[in-house]
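Asker:
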Amino acid sequence: MTQHAADYSVVLEPPARLHKDASVPKPNLSSMEEYKSMYEQSIRDPTTFWGNMAREMIHWQKPFETVKQGSIENADAAWFTDGLISPCYNLVDRHAIERPNDIALIYEADELNEGRYITYRQLLADVSQFAGALAALGVTKGDRVAIYMPMIPETVIAMLAVIRLGAIHSIIFAGFSAESVTDRINDSTCKLIITCDESHRGGKRIPLKSVINRAFPNCPSLTNVLVFQRSPEASTAMEEGRDIWWHDIVPKFPKYYPPAVVNPEHPLFLLYTSGSTGKPKGVVHTTGGYLLGAAATCKYIFDLHPTDRMGCAGDVGWITGHTYIVYGPLMIGSATLIFEGTPAYPDYSRYWSIVERHKLTQWYIAPTAIRLLQRAGDDYVKYDRSSLRVLGSVGEPIAPESFMWYYNVVGQGRCAVADTYWQTETGSHIVSSMGPVTPMKPGSATLPFFGIDAVIIDPISGQIIEGNGVEGVLAVRNSWPSAARTVWKGHDRFIDTYLKPYPGVYFTGDGAYRDKDGYIWIRGRVDDVVNISGHRLSTAEIEAALLSHDSVAESAVVGIPDELTGQAVNAFILLKPNVVANADLEKQLIMSVRSTIGPFAAPRKLIFSDLPKTRSGKIMRRILRKILAGETDQIGDVSTLAEPKVVEHIIHAVHHAHEKNA
Ligand code: WT7
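With the first letter of the sequence shown counted as 1, position 396 gets the number 396 in the UniProt record's numbering; the numbers rise by one all the way through.
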């Protein structure tokens, strides 16, 4: 990140074969000129642009007349409000009617050679039966249903069954602790939780239901726990009257259940995400706008066709899985991969074996996985990958060297690489190359998607800086269909976080540079959000977890660059008087983060020292980052510190921690 990636001046044209080869479908965009004219219309006349797009990509139960109402600055934008839509019909039924035997889900189990294909016909039956079961358990339109599941087809079936009833799912990533699960369930008062006995990942078994057993007593809104049995050989204790086996209830219901029809602004799902302060926010996505954004980005960025087989190795616990494993591909009617395992099991060639066996046409992963595989060595990049056309990267800036490795070694120079920039809140990609047409610059997310008026703002003056060759923070000047509408029970928080910082625009929280050609280079977060292997965490949440330990007086958490995981968490801790640091205490502190948030949030390193505070009590994290980076000569002005000499103590403590770890 310190490297000025924009200095990397390679420009790569998308491979010509994507337009010429008889064996590939005709691309959804034919040229850069077509992109430019569509983009220009989408900004000048969004009503016509999105109106046409929505009529083309969505089946309307009642056609809309009004495309757009409200505005971004008033945080009241709403789309297609006088229409009616059935989300599940659009995702499942219409394909089941037109192409019943086409594959919808490609399940690749953790164990090699296990798994199965599920056709659209089968998916309709499975989703209907499960919707019937949920309805029998009292789930109705607008209810919230929590999902705590691994990457198996039943997870997708559960999501689709929830929305088939017009209910709202809230997926909680299956790595979160009982305490995090409890907070999320209580914030949105979920009625029911769907989970699994245990998950299979990388050859290991991870208990899931036992986490829910711990959360349940603290979640008064929950009535039942629905449990899918992944491991019949594991004997899982069930609580009479509360826990229900999936296989005991679901087969009792008919293979067709009518899909709910809702207003396009009806919430489709909630997804909790970390911000720079306070508790996680339940980001609310709506039905019409979100599904349109998911479908349109799949079509134009990944060039996804109904005949394609999309491969995203993400997890539905995060937004990437929602939009690019489930909602986008199923809107298009293509097949989509559900991969339960990891890139390293049974060995580092797993991804490419998946691509060959299922003849995947798109492949979408995070730079952290790309770095892991690059480091493992090119010998693992084997198997036939000739089915691939577009490779995608997501979650953090991709270094030019990783981009080139992905392009040359994985893609053999035959695929476009799309570096897709977006967020939980944006619903779908907002800056990315359009696979088959945009000239790529490795390290740049390139150009805005249709309908996104991306602007660079000078963080000091708060003014939009027009023109090219400008650096600042990234914002969006208009509303777009898939943008989050609000935060669950927290519209003020929504406004404060995204709209107040720079009035009139949506603030992303990322720094960015727009180069001379108008290409956008994402610099990373400018707030206290850290990104660990594509998992978004707030430093404030980790600090709160550390503070919950009796021995801790104060703490400051920073993200520092890490070769593999992008960033790593380092925690500075000031102990209470008379407490002495030792290995046992370190273990307890790590445990309190693991049990409060989840194992993936555990600090890589703990440093026991004073904290650099200003006279008003604000911790200067910049100083901590500089010291950790070994850039003690660049600490800069410390005169605002209450006690400038703490800097020496911190440098000393960091040295000590380094030596201990070495
Ligand atoms: C943050 C959003 C959206 C999918 C996964 C993460 C960072 C995301 C890129 C990219 C540089 C990226 C940003 C953003 N980010 N994609 N292509 N290049 N940075 O979703 O958890 O909501 O995190 O991820 O910092 O703000 P998320």
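Positions of the beta carbon are idealized from the N, C-alpha and C atoms, including for glycine.
One question on the structure: do residue 394 and residue 406 come within less than 8 Å of each other, judged by their Cβ atoms?
Answerer: Not closer than 8 Å, so no.
Asker: Distance, Cα to Cα, residue 279 vs residue 369?
Answerer: Rounded to whole angstroms, residue 279 to residue 369 spans 28 Å at the Cα level.
Asker: Report, in whole angstroms, the separation of the C-beta atoms of residue 541 and residue 597, which I expect to be a contact under 8 Å.
Answerer: Their Cβ separation, rounded to whole angstroms, is 6 Å, which keeps residue 541 and residue 597 in contact under 8 Å.
Asker: Using 10 angstroms around the beta-carbon of residue 643, count the other beta-carbons present and answer buried if the total reaches 16, otherwise exposed.
Answerer: When all chains shown are included, residue 643 counts as exposed.
Asker: Going by Cα to Cα distance, which pick from 54, 236 and 21 is closest to residue 65?
Answerer: Comparing Cα-Cα distances from residue 65 to each of 54, 236 and 21, the minimum goes to 54.
Asker: Within the region 383 to 414, note down every full beta strand (DSSP E) run reaching 3 residues or more, in order along the chain.
Answerer: Within the region 383 to 414, the complete beta strand (DSSP E) runs of at least 3 residues are 390 to 394.
Asker: Going by CA-CA distance only, name the one from 187, 208, 186 and 184 that's closest to residue 195.
Answerer: Among 187, 208, 186 and 184, the Cα nearest to that of residue 195 belongs to 208.
Asker: Within its chain, find whatever has a CB closer than 6 Å to the CB of residue 559; leave out the 5 residues flanking it on each side and keep chain order.
Answerer: If we look at residue 559 and ignore the five residues flanking it on each side, its Cβ neighbours are 530 and 567.
Asker: Roughly how far, in whole angstroms, is the beta-carbon of residue 327 from the beta-carbon of residue 84, given that I think they are within contact range, below 8 Å?
Answerer: Rounded, the Cβ-Cβ distance is 19 Å, inconsistent with contact.
Asker: Taking DSSP as the reference, what is the three-state secondary structure of residue 481?
Answerer: It is coil, neither helix nor strand.
Asker: Any heavy atom of the ligand WT7 closer than 7 Å to the Cβ of residue 395?
Answerer: Flag set: Cβ of residue 395 near the ligand WT7.
Asker: Under a Cβ-count criterion, where at least 16 other Cβ atoms within 10 Å of its own Cβ denotes burial, should residue 191 be classed as buried or exposed?
Answerer: That one is buried.
Asker: Indicate whether residue 110 and residue 19 have their beta-carbon atoms separated by less than 8 Å.
Answerer: Result no, Cβ atoms of residue 110 and residue 19 do not sit closer than 8 Å.
Asker: Rounding to the nearest angstrom, what Cα-Cα distance links residue 462 and residue 556 in this structure?
Answerer: Distance between the alpha carbons of residue 462 and residue 556 is about 28 Å.
Asker: Could you pull out every residue in the same chain whose Cβ sits closer than 7 Å to the Cβ of residue 659, ignoring the five residues on either side in sequence?
Answerer: Closer than 7 Å at the Cβ level, and outside the excluded window around residue 659, lies no residue.
Asker: With C-beta atoms as the reference, is residue 170 less than 8 Å away from residue 321?
Answerer: No.
Asker: Identify, in the order they occur along the chain, each residue of the same chain with its Cβ nearer than 7 Å to the Cβ of residue 100, setting aside the five sequence neighbours on each side.
Answerer: Contacts found: 119, 120 and 121.
Asker: By Cβ distance below 7 Å, which residues in the same chain neighbour residue 116 in space, the five residues on each side in sequence not counted?
Answerer: These residues qualify, in order along the chain: 107.
Asker: Can you tell me the Cα-Cα spacing of residue 2 and residue 145, whole angstroms?
Answerer: Bear in mind that the predicted position of residue 2 carries a pLDDT of just 38, short of 50, making it unreliable; the figure below should be weighed with that in mind. The alpha-carbon atoms of residue 2 and residue 145 are separated by roughly 43 Å.
Asker: Give the range of the beta strand (DSSP E) segment to which residue 267 is assigned.
Answerer: From DSSP, the beta strand (DSSP E) with residue 267 extends over 267 to 273.
Asker: If you measure between the beta carbons of residue 647 and residue 599, is that distance less than 8 Å?
Answerer: Result no, Cβ atoms of residue 647 and residue 599 do not sit closer than 8 Å.
Asker: Given that a residue counts as buried once 16 or more other Cβ atoms are within 10 Å of its Cβ, and exposed if not, what is residue 446?
Answerer: Classification for residue 446: buried.
Asker: Any chance the CB of residue 435 is under 7 Å from a heavy atom of the ligand WT7?
Answerer: Checking the Cβ of residue 435 against the ligand WT7 gives no.
Asker: Out of 93, 442 and 226, point me to the one whose CA is closest to residue 158's CA.
Answerer: With distances taken between Cα atoms, residue 158 lies closest to 226.
Asker: For residue 360, which of 331, 374, 308 and 379 has the nearest alpha-carbon?
Answerer: Of 331, 374, 308 and 379, the residue nearest in Cα terms is 308.
Asker: On the three-pair Cβ rule with 8 Å, is the region 347 to 354 touching the region 373 to 389?
Answerer: Result yes; three or more Cβ-Cβ pairs closer than 8 Å.
Asker: Please determine if the region 210 to 217 and the region 176 to 187 are in contact, where contact requires at least 3 C-beta pairs separated by less than 8 Å.
Answerer: With the cut-off at 8 Å, the region 210 to 217 and the region 176 to 187 touch.
Asker: What's the gap between the Cα of residue 301 and the Cα of residue 425?
Answerer: One C-alpha to the other measures close to 19 Å.
Asker: Which complete beta strand (DSSP E) runs does the region 494 to 529 hold, if anything under 3 residues is left out?
Answerer: Runs found: 506 to 514 and 520 to 525.
Asker: Tell me which residue opens and which closes the beta strand (DSSP E) that residue 196 is part of.
Answerer: Note, residue 196: beta strand (DSSP E), 192 to 196.
Asker: Specify the secondary structure class of residue 346 as computed by DSSP and reduced to three states.
Answerer: Correct three-state label for residue 346: coil.
Asker: Is residue 419 near the ligand WT7, with its Cβ less than 7 Å from a heavy atom?
Answerer: Yes - the ligand WT7 has a heavy atom lying nearer than 7 Å to the Cβ of residue 419.
Asker: From the DSSP secondary-structure annotation, give me the bridge partner or partners of residue 661.
Answerer: Looking at the DSSP assignment, residue 661 forms no beta bridge with any residue, so it has no partner.
Asker: On the DSSP bridge assignment, give the partners of residue 675 in chain order.
Answerer: The question about residue 675 has no answer here: the residues shown for the chain are numbered 1 through 662.
Asker: Flag residue 524 as yes when its Cβ comes closer than 7 Å to any non-hydrogen atom of the ligand WT7, and as no otherwise.
Answerer: Yes, Cβ of residue 524 sits closer than 7 Å to a heavy atom of the ligand WT7.
Asker: Does the pairing of the region 514 to 523 with the region 487 to 506 give three or more beta-carbon distances under 8 Å?
Answerer: Cβ pair count under 8 Å is below three, so no.
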